[in-house]
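Just so you know, full-length UniProt numbering puts 66 at position 66 of the sequence shown, and the rest follows in order with no gaps.
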Amino acid sequence: LSGYRFIFMLGQFLHGMGATPLYTLGVTYLDENVKTNYSPVYIAVFYTAAILGPAAGYLVGGMFLNIYTEIGREVDITPENTLWGGAWWVGFTASLLISIPILGYPQRLPGSQRYIVMRVSEAHQLKDGSHKKASDPDFGKTVKDLPRSVLLLLKNPTFIFLCLAGATEATLIAGMSTFGPKFLESQFSLSASEAATFFGYLVVPAGGGGTFLGGFLVNKFKLRCSGIIKLCLLCTVSSLLAIFIFFIHCPNMPMAGVTQMYDGSALPGGQLNLTAACNAECGCLQETYSPVCGSDGIMYYSPCHAGCKKVSENLRNGKKVYHECSCVEKTFLPSPGIAEAGKCTSSCAKRPLLLLFMFVVILFTFLSSIPALTATLRCVSDRQRSFALGIQWIVVRTLGGIPGPIAFGSMIDKSCLLWQDQCGEQGSCYVYQNSAMSRYTLVAGLVYKVLGTTFFIVACLLYKPPPPESAPGSSDASENGNCDLQEHKPSLPAEEDI
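What follows is the structure, encoded as structure tokens:
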């Protein structure tokens with residue numbers, strides 16, 4: 001049966017191949033078949049669905065995983081059994097069914113030719129005039145045009161710096177998506193599931209709302225290409241200012257042997273010391289990390305390290321309660337202290353402020369995504385848009401999405417206080433120093449936000465729009481994108497009648 005994993009790997013590979021064109025060919029198809037003014041809104045709806053969809057997918061997918069693989073068949077095992085296999089295939093089947101009507105779409109939707117005629121050139125003008133080659137109706141129809149198409153994009157500085165800006169933003173998004181829950185877990189002393197849920201409450205409204213709002217603003221203010229880039233710059237600067245919130249942090253919950261000695265004094269030289277007189281005879285293993293919260297408000301590495309001898313269950317929350325813990329200071333009880341499984345609850349007063357500004361950072365980061373994509377579509381020729389999005393997708397994934405989690409992970413790991421020990425080898429981090437974690441997150445965020453701001457500034461300064469005399473219906477205008485149609489009213493029926 002182990003050989004079947006390769007079938008699943010192949011399936012995931014094909015899944016990726018099928019999904020990627022949605023973000024290149026699909027976006028271009030939307031842009032070509034709607035009014036240019038409304039294109040950012042349509043694209044924003046598309047990307048908002050791409051953000052909200054996975055969130056809904058986790059909920060619905062979790063429900064289907066509680067149904068056995070062969071729907072309707074009665075089995076003796078439950079979802080808690082390791083042999084259980086849920087109905088994992090339902091989502092893939094739904095995708096297959098949805099793809100069938102998509103196959104029936106024509107190359108151009110009825111009426112789209114009118115929008116193409118009314119387009120006004122916004123493509124970046126190269127000094128040598130080579131951008132006009134892309135206006136040839138036969139350009140891009142053969143493989144021989146591929147090198148020339150690549151060269152035209154490489155000679156377009158606006159496109160290049162928009163790609164680089166997108167890569168820096170993708171680095172932050174990928175890094176925060178991976179380590180955002182870990183940050184909340186450490187700062188607020190949450191469990192992994194609680195932190196993931198908390199982070200979801202932040203990302204879904206901020207990411208989805210920011211994505212849609214970005215497209216709406218471009219349409220609302222009828223922005224041209226240069227104005228769109230300036231909007232991206234404004235969003236990036238706003239998130240850059242908000243990211244300074246990471247100057248503040250929540251203090252670590254005291255943990256015996258990790259952040260302080262068992263008697264409450266400072267650790268000598270910052271070295272871990274999990275053994276004390278109260279647990280010296282227990283023979284506790286460092287490999288067993290199972291934190292408990294003592295009645296004295298101090299966390300312990302495990303019930304053994306807290307010197308606990310008996311265990312019961314809390315009927316209210318189902319957590320284990322450990323009794324006769326010799327390391328836990330006596331409170332009002334005459335007997336040794338008690339401890340409850342799990343981390344101690346943090347009462348950090350800075351939590352609302354941190355969450356608010358994290359929401360702002362995420363909101364403005366996603367707010368620039370659709371304007372940046374729209375600017376990319378406008379600064380290149382119509383016949384290069386799909387290819388340009390493909391190149392940008394590669395750049396963003398290669399320079400941003402892939403190294404982002406690695407860069408953030410290496411920075412955050414510097415703040416680790418307690419590492420997992422796997423047979424003498426270093427595993428994952430159990431406990432982070434909150435102050436250092438905030439500091440390193442701030443440094444990483446500032447570096448990429450400053451880079452993104454710089455790239456948007458350069459893209460804006462180097463952008464050279466077509467001369468004002470370009471008019472709808474001209475050879476250049478019909479082949480290039482446009483950021484605004486309001487100022488050009490062709491002698492056709494009103495757009496509202498279309």
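The C-beta atom is built at its ideal place from N, Cα and C for all residues, glycine as well.
* Look up Trp89 in the DSSP assignment and say whether it is helix, strand or coil. => To locate residue 89, count along the sequence shown from 1; it is residue 89. In this structure, Trp89 counts as coil in the three-state DSSP scheme.
* Asked: Are at least three pairs of beta-carbons, each pair with one atom in the segment 347–365 and one in the segment 244–254, less than 8 Å apart?
  -> Short answer: they touch.
* The beta strand (DSSP E) enclosing Tyr432, as first and last residue numbers -> Here residue 432 is taken as the residue at index 432 of the sequence shown, counted from 1. Counting along the chain, Tyr432 sits inside the beta strand (DSSP E) bounded by residues Glu425 to Tyr432.
* DSSP-derived helix/strand/coil call for Ser243 -> One-based indexing of the sequence shown puts residue 243 at position 243. Checking the sequence, you will find Ile at residue 243 rather than Ser. In the three-state DSSP reduction, Ile243 falls in the helix class (H, G or I).
* According to DSSP, residues forming a beta bridge with Glu122 -> Position 122 of the sequence shown, counting from 1, holds the residue named residue 122. In the DSSP output, where bridge partners are listed per residue, Glu122 has none listed.
* To do: Report the residue from Ala19, Tyr201, Gln12 and Leu234 whose alpha carbon sits nearest the alpha carbon of Pro371.
  => Within the sequence shown, numbered from 1, the residue matching residue 371 stands at position 371. Checked all of Ala19, Tyr201, Gln12 and Leu234; the closest Cα to Pro371 is Leu234.
* Asked: Does DSSP classify Glu313 as helix, strand or coil?
  -> What you label residue 313 is simply residue 313 of the sequence shown in a count that begins at 1. In the structure shown, Glu313 sits in a strand (DSSP, three-state: E or B).
* Does the pairing of the segment 296–311 with the segment 255–270 give three or more beta-carbon distances under 8 Å? -> Between the segment 296–311 and the segment 255–270 there are three or more C-beta pairs closer than 8 Å, enough to call the two in contact.
* To do: Taking 7 Å as the cut-off, decide whether the C-beta atoms of Ala167 and Val396 are in contact.
  => The sequence position of residue 167 within the sequence shown is 167, counting from 1. The sequence position of residue 396 within the sequence shown is 396, counting from 1. Result yes, Cβ atoms of Ala167 and Val396 sit closer than 7 Å.
* Three-state secondary structure (DSSP) of Gly104 -> Indexing the sequence shown from 1 puts residue 104 at position 104. Residue state, collapsed to three classes: coil.
* How many whole angstroms separate the CB atoms of Phe387 and Ser149, which I take to be in contact at a CB cut-off of 8 Å? -> Here residue 387 is taken as the residue at index 387 of the sequence shown, counted from 1. Here residue 149 is taken as the residue at index 149 of the sequence shown, counted from 1. Contact check for Phe387 and Ser149: beta-carbon distance about 6 Å, within the 8 Å limit, so the pair qualifies.
* To do: Measure the CB-CB distance between Lys320 and Val311 and report whether it falls below 7 Å.
  => Taking the sequence shown and counting its residues from 1, one reaches residue 320 at position 320. Taking the sequence shown and counting its residues from 1, one reaches residue 311 at position 311. In this structure, Val311 lies closer than 7 Å to Lys320 by Cβ.
* Taking 7 Å as the cut-off, decide whether the C-beta atoms of Ile71 and Ala94 are in contact. => On the sequence shown, position 71 is the one that residue 71 refers to. On the sequence shown, position 94 is the one that residue 94 refers to. No, these two residues do not count as a Cβ contact at 7 Å.
* Using alpha carbons as the reference points, say which of Gly18, Phe408, Trp419 and Ile412 lies closest to Gln286. => As a first step, residue 286 is located in the sequence shown; it is residue number 286 there, counting from the start. By alpha-carbon distance to Gln286, the top candidate from Gly18, Phe408, Trp419 and Ile412 is Trp419.
* To do: Within the same chain, show all residues whose beta-carbon is closer than 6 Å to that of Phe6, passing over the 5 residues directly before and after it, in chain order.
  => The sequence position of residue 6 within the sequence shown is 6, counting from 1. Same-chain partners within the cutoff: there are none.
* Given 8 Å as the limit, is there contact between the segment 419–428 and the segment 339–351, that is, 3 or more CB pairs closer than that? -> Too few Cβ pairs lie closer than 8 Å, so no.
* Of the choices Asp145, Ser415, Leu162 and His15, whose alpha-carbon is the least far from that of Ala375? -> Position 375 of the sequence shown holds residue 375. Among Asp145, Ser415, Leu162 and His15, the Cα nearest to that of Ala375 is on Leu162.
* Between which two residues does the alpha helix (DSSP H) harbouring Cys163 extend? -> Here residue 163 refers to the residue found at position 163 of the sequence shown. From DSSP, the alpha helix (DSSP H) with Cys163 extends over Pro157 to Gln187.
* **Endpoints, beta strand (DSSP E) assigned at Ile298** => As a position in the sequence shown, residue 298 is number 298, starting the count at 1. Premise fails: Ile298 is in no beta strand (DSSP E) and is neither H nor E.
* **Per-residue DSSP class, three states only, for Ala339** => Residue 339 sits at position 339 when you count from the first residue of the sequence shown. Ala339 falls in the strand class under three-state DSSP.
* **Bridge partners - Gln422, DSSP secondary structure assignment** => For the purposes of this step, residue 422 is identified with residue 422 of the sequence shown, where counting begins at 1. Bridge partners of Gln422: Glu425.
* To do: Quick one: using the 10 Å Cβ neighbour count with 16 as the cut-off for buried, is Ala459 buried or exposed?
  => Taking the first residue of the sequence shown as 1, we reach residue 459 at position 459. The residue is buried, with at least 16 neighbouring Cβ atoms inside 10 Å.
* Roughly how many angstroms lie between the CA atoms of Phe364 and Cys379, to the nearest whole one? -> Here residue 364 corresponds to residue number 364 of the sequence shown, with the count starting at 1. Here residue 379 corresponds to residue number 379 of the sequence shown, with the count starting at 1. Distance between the alpha carbons of Phe364 and Cys379: 23 Å.
* To do: Give the DSSP-derived three-state secondary structure of Gly25 in the structure shown.
  => The residue given as residue 25 occupies position 25 in the sequence shown. The question names Gly, yet the displayed sequence has Leu at residue 25. Here Leu25 sits in helix by DSSP.
* Reference Arg385; option with closest CA among Glu32, Leu14, His15 and Cys325 -> For this step, residue 385 is matched to residue 385 along the sequence shown. Comparing alpha-carbon positions, the option among Glu32, Leu14, His15 and Cys325 lying closest to Arg385 turns out to be Glu32.
* To do: Go ahead and label Thr36 buried or exposed: buried means 16 or more other beta carbons lie within 10 angstroms of its beta carbon, across all protein chains shown.
  => Looking up residue 36 in the sequence shown gives position 36. Burial call: buried.
* Taking three-plus beta-carbon pairs below 8 Å as touching, is the segment 101–114 in contact with the segment 203–213? -> Between the segment 101–114 and the segment 203–213 there are fewer than three inter-stretch CB-CB distances shorter than 8 Å, so the stretches are not counted as touching.
* Through-space distance from His124 to Leu389, alpha-carbon basis -> The sequence position of residue 389 within the sequence shown is 389, counting from 1. The sequence position of residue 124 within the sequence shown is 124, counting from 1. Their Cα atoms are separated by approximately 16 Å.
* Asked: Which residues does DSSP pair with Cys293 in a beta bridge?
  -> Here residue 293 refers to the residue found at position 293 of the sequence shown. Its beta-bridge partners are Met299 and Glu340.
* Taking 7 Å as the cut-off, decide whether the C-beta atoms of Cys327 and Gly307 are in contact. => As a first step, residue 327 is located in the sequence shown; it is residue number 327 there, counting from the start. As a first step, residue 307 is located in the sequence shown; it is residue number 307 there, counting from the start. Cβ atoms of Cys327 and Gly307: closer than 7 Å.
* To do: Have a look at Gly175 and Leu184 and give me their C-alpha separation to the nearest angstrom.
  => What you label residue 175 is simply residue 175 of the sequence shown in a count that begins at 1. What you label residue 184 is simply residue 184 of the sequence shown in a count that begins at 1. Spanning the alpha carbons of Gly175 and Leu184 requires a straight line of approximately 14 Å.
* Asked: Does DSSP classify Lys320 as helix, strand or coil?
  -> Taking the first residue of the sequence shown as 1, we reach residue 320 at position 320. Taken through DSSP and simplified to helix, strand or coil, Lys320 comes out as strand.
* From Cys225 to Gly200, what does the alpha carbon distance come to, in whole angstroms? -> Position 225 of the sequence shown, counting from 1, holds the residue named residue 225. Position 200 of the sequence shown, counting from 1, holds the residue named residue 200. Cα to Cα, the separation comes out at about 33 Å.
* Look at Ile245 and Gly445 and say whether their C-beta atoms are less than 7 Å apart. => Along the sequence shown, read from residue 1 onward, the residue named residue 245 stands at position 245. Along the sequence shown, read from residue 1 onward, the residue named residue 445 stands at position 445. With respect to Gly445, Ile245 sits apart: the two C-beta atoms are not nearer than 7 Å.
* What is the DSSP secondary structure of Gln286, counted as helix, strand or coil? -> By 1-based counting over the sequence shown, the position of residue 286 is 286. Three-state result, Gln286: coil.
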